[in-house]
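Asks: Listed in order, the protein sequences are those of chains A and B.
Heads up, the first sequence is in the working numbering, so the first residue is 1 and it goes up one at a time.
Heads up, the second sequence is in the working numbering, so the first residue is 1001 and it goes up one at a time.
Backbone N, C-alpha and C fix where the C-beta goes; we use that ideal spot for every residue, glycine too.
All of these numbers come straight from a predicted model, not from anything done at the bench.
Pasting in a structure now, in structure tokens, and then I'll have a few things to ask.
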Amino acid sequence: MTSTLTRGAPAAAPPRPRGSSFATQMAVLTSRSLMTSVRDPQMILFSLLQPAVLLFMFTQVFAVMATTSSFPPGMTYIDYLMPAILLNNAVQQAMQCGVGLVEDLKNGFLARLRSMPIHRSAPLVARSFADLAYCALQLVALLVAAVAVFGYRPGGGFLGGVVSVALALVVSYGLSWVFLALGAWLRRAQTMQNISIVAVFPLMFVSSAYVPLAALPDWLRAVAQANPLTYAVDTIRSIALGMPGGGFPAAGTTLLISAAMAAAGAFAANHFFRRPF
Amino acid sequence: MSTGDPMIEATGITRTFGSVDALSSVSLRVERGTVLGLLGRNGAGKTTLVNILTTMLPASSGTARVAGFDIAREGAEVRSRIGLTGQFASVDQELTGRANLVLLARLLGSTRAQAHARADELLEAFSLTKAADRPARTYSGGMRRRLDLAASLVGRPEVIFLDEPTTGLDPTSRLNLWQIVEGLVGEAATALLTTQYLDEADRLADVITVLSAGAVVASGTAAELKAQVGQRTVTVRLDWLRSTDLACAALRGAGLHPLSPSRVSSSRPSGRPARSPTSSAPSTAPASKPTTWRSRSPLSTTST
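Below, the structure is given as structure tokens:
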């Protein structure tokens, strides 16, 4: 045991570090969260494979949708579907953000961080950034695959593609704070998965994501119209496909709702995070 | 021992969780360069006390200063001067041992180069150099504890909290960890060590404080405590609740006294005895709702 482990010989030992800036904490913790994902190639593979499989299945099973009277004329199903797949993926990734927090809480890493002189919300913010970056990567990969393999030809062109991905990311970020709050509150991965099955999954389906509202039974259409995800899907779709109407005013609303979710989620997440682990 | 330079000084720390008193008015003092052994069994409140002193959990009442700073008002100052190794504070299992130490050093404000140098230093000192580039989840139990301990020393803390550092380790790893802790103590580091084992506290601690059901029941040097040990412990198991008063009278007549009145009370329901540091529940219990009463000296239990 050398004398360098703790305070050591005063003359020889370098001074105790005086703490890091919030920016450093962000950089270090965000890259740590990303590295943890990169070290798990299985997770990367499946998180990319899952939306691709979904894309394949839906285009095959629901292709007949495009021939029905309630479907917008002249549109292919892949063009209709792809923006919804982007959003679905963004929502799934937001949930994954909450699950990641729960795992960190469980393995004791966050307890160690909490005993250190860093900003209390740093682990939360870093987690949200890491998952945003990861989600961006996923969405771009999906978009490329859709164009290259599935024949996705959005009318909005390159710009429409970029803006639609950006909007999906904004929604994902807002929702990720809601899931961080849920994670900090519930602290159980299983519960988080259950929420996804009973709440998130139906919300995606009872919306305009996979079939036009006109094709839904009346009562379901009423629910879908009240579903905020319907607005997010419609906005992303109209921008991606370069459809008339919709577009930027709707994008503004989507931004506002996402910002509100992020603010409320961040407040709640920080509140619950303060409880002992 | 009392040089008048306390690095940990807690006064009347109380913590309740709902209606449960996890800690009731705990006071203790650890002088600079000494090790306090906090002895008690599961549920005695050791970890709660560590969580409070490391600012991770607010106390319901009471005050404490760690490294000269108030835990409630100067939390950031406290956190920059302590190291925590515990059952519940760990490293990132997916990162390598080296990456964990570098990450912590960077968070504490070291430059990249300083962080790597510090990580190398600690890996060497804790015999982890060979395993440095493997994910922590591949480490053995003993290696993981060594890495945990190294992680808590990254910032050259003035006070180290070791929460049950050897629980679950095999005898060899335990001995190895003891030697490391002794090395730290040799460097005049101040430490609070929680443990369930008297031999561990005896070997590593200058002063031992016994915590039972959230209260300090004894405190002193190992020698002082041993002098008190040797009193009788009697466990009485009654078939009928209404025999309680009779039994209590008989025990008092035999010169035995309960540790605290709350442990011998007819209001306690049958089944589990009061939280106490013994694990010597007899197996002769009748099938029909037994009630266990104990009257004992606080320390006889820790010698078993």
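Looking at the C-beta of B/F1069, does it have a partner C-beta in chain A at a distance below 8 Å?
Replies: no
Asks: Which term fits A/N194, buried or exposed, when burial requires 16 or more other beta carbons within 10 angstroms of its beta carbon?
Replies: exposed
Asks: Which residues of chain B have a Cβ atom closer than 9 Å to the Cβ of A/R237, listed in chain order?
Replies: What A/R237 touches in chain B: nothing, since even the nearest Cβ is about 37 Å away.
Asks: For B/D1161, which of helix, strand or coil comes out of DSSP?
Replies: Reading off the sequence shown, one finds Phe at residue 1161 of chain B, where the question assumed Asp. In this structure, B/F1161 counts as strand in the three-state DSSP scheme.
Asks: Closest to B/E1009 by C-alpha separation, out of B/V1026, B/F1017, B/E1182, would be which residue?
Replies: B/V1026
Asks: Please classify A/A63 as buried or exposed, where buried requires at least 16 neighbouring CB atoms within 10 angstroms.
Replies: exposed
Asks: With a cut-off of 8 Å, do at least 3 Cβ pairs link the region 118-128 of chain A to the region 72-81 of chain A?
Replies: no
Asks: Drop a sphere of 10 angstroms on the beta-carbon of B/P1277, count the other beta-carbons inside from all chains shown, and report buried for 16 or more, exposed for fewer.
Replies: Low confidence applies to B/P1277: its pLDDT is 39, below 50, so where it sits in the model is not reliable, and the reading given next is rough at best. Label assigned to B/P1277: buried.
Asks: Are there 16 or more other CB atoms within 10 angstroms of the CB of B/E1224, so buried, or fewer, so exposed?
Replies: exposed
Asks: Report the three-state DSSP secondary structure of A/F150 (helix, strand or coil).
Replies: coil
Asks: Are the C-beta of A/R188 and some C-beta of chain B separated by less than 8 Å?
Replies: no
Asks: Measuring only the C-alpha atoms, how far is B/Q964 from B/L1023?
Replies: The structure shown does not extend to residue 964 of chain B, since chain B is modelled only from 1001 through 1304, so no value can be given for it.
Asks: What does B/L1144 reach in chain A if we use C-beta pairs closer than 7 Å?
Replies: According to the sequence displayed, residue 1144 of chain B carries Arg and not Leu. Per Cβ cutoff of 7 Å: no residues; B/R1144 is ~11 Å from chain A at best.
Asks: On the three-state DSSP scale, how would you describe A/P51?
Replies: helix
Asks: Quick check: is the beta carbon of B/E1031 nearer than 8 Å to any beta carbon in chain A?
Replies: Interface criterion not met: the Cβ of B/E1031 is under 8 Å from no Cβ in chain A.
Asks: Give me the chain B residues within the contact set of A/Q25, using Cβ-Cβ distance strictly less than 9 Å, ordered along the chain.
Replies: Neighbours of A/Q25 on chain B, chain order: R1106, L1107.
Asks: For B/I1208, does the count of other Cβ atoms within 10 angstroms reach 16, so buried, or fall short, so exposed?
Replies: B/I1208 should be labelled buried.
Asks: Could you work out which residues of chain B lie near A/A99, taking near to mean beta carbons separated by less than 7 Å?
Replies: Checking the sequence, you will find Val at residue 99 of chain A rather than Ala. Those within 7 Å of A/V99 in chain B number zero; the least Cβ separation is about 14 Å.
Asks: Tell me whether the beta-carbon of B/G1097 lies closer than 8 Å to the beta-carbon of B/R1156.
Replies: no
Asks: Run the CB neighbour count on A/W177, radius 10 Å, all protein chains shown included, and call it buried at 16 or more, exposed below.
Replies: buried
Asks: Taking contact to mean at least 3 C-beta pairs separated by less than 8 Å, is the region 1241-1248 of chain B in contact with the region 1215-1224 of chain B?
Replies: Counting C-beta pairs closer than 8 Å gives fewer than three between the region 1241-1248 of chain B and the region 1215-1224 of chain B, which falls short of the contact rule.
Asks: Out of curiosity, what's the CA-to-CA distance linking B/R1081 and B/H1116?
Replies: 21 Å
Asks: Can you list the residues of chain B that A/G183 reaches, using a CB-CB cut of under 9 Å?
Replies: Correct list: empty, because the minimum Cβ distance to chain B is about 17 Å.
Asks: Can you pull out the residues from the region 34-52 of chain A whose beta carbon lies closer than 8 Å to at least one beta carbon of chain B?
Replies: Result list: M35, T36, R39, D40.
Asks: Assuming B/V1030 is part of the beta strand (DSSP E), what are its boundary residues?
Replies: For B/V1030, the uninterrupted beta strand (DSSP E) run begins and ends at 1020-1031, by DSSP.
Asks: Looking at B/V1078 and B/T1063, is the spacing between their C-beta atoms short of 8 Å?
Replies: no
Asks: Quick one: what's B/L1038 bridged to in DSSP?
Replies: B/T1194, B/T1209
Asks: Can you check which of these residues, B/L1095, B/S1219, B/M1143, is closest to B/N1176 by C-alpha distance?
Replies: B/M1143
Asks: In whole angstroms, give me the CA-to-CA distance for B/T1325 and A/F273.
Replies: Lying before the first or after the last residue shown, residue 1325 of chain B is absent from chain B, which here runs from 1001 to 1304.
Asks: If you measure from the beta carbon of A/P276 to each beta carbon in chain B, is any gap under 8 Å?
Replies: yes
Asks: Please compile the residues from chain B whose C-beta is within a distance smaller than 9 Å of the C-beta of A/V233.
Replies: For A/V233, no chain B residue has a Cβ inside 9 Å of its Cβ, as the nearest lies near 35 Å away.
Asks: With DSSP collapsed to three states, give me the class of B/L1065.
Replies: What sits at residue 1065 of chain B in the sequence shown is Arg, not Leu. Strand, per DSSP.
Asks: Using a C-beta cutoff of 8 Å, does A/A111 count as contacting chain B?
Replies: It does: the Cβ of A/A111 has a partner Cβ on chain B nearer than 8 Å.
Asks: Among B/L1122, B/I1160, B/T1194, B/V1217, whose alpha-carbon lies nearest the alpha-carbon of B/R1032?
Replies: Looking at the Cα atoms, B/I1160 is the closest of the given residues.
Asks: Could you tell me whether the region 1011-1023 of chain B touches the region 1042-1059 of chain B, where touching means 3 or more Cβ pairs closer than 8 Å?
Replies: yes
Asks: Just list the residues that DSSP pairs B/L1084 with in beta bridges.
Replies: B/F1161
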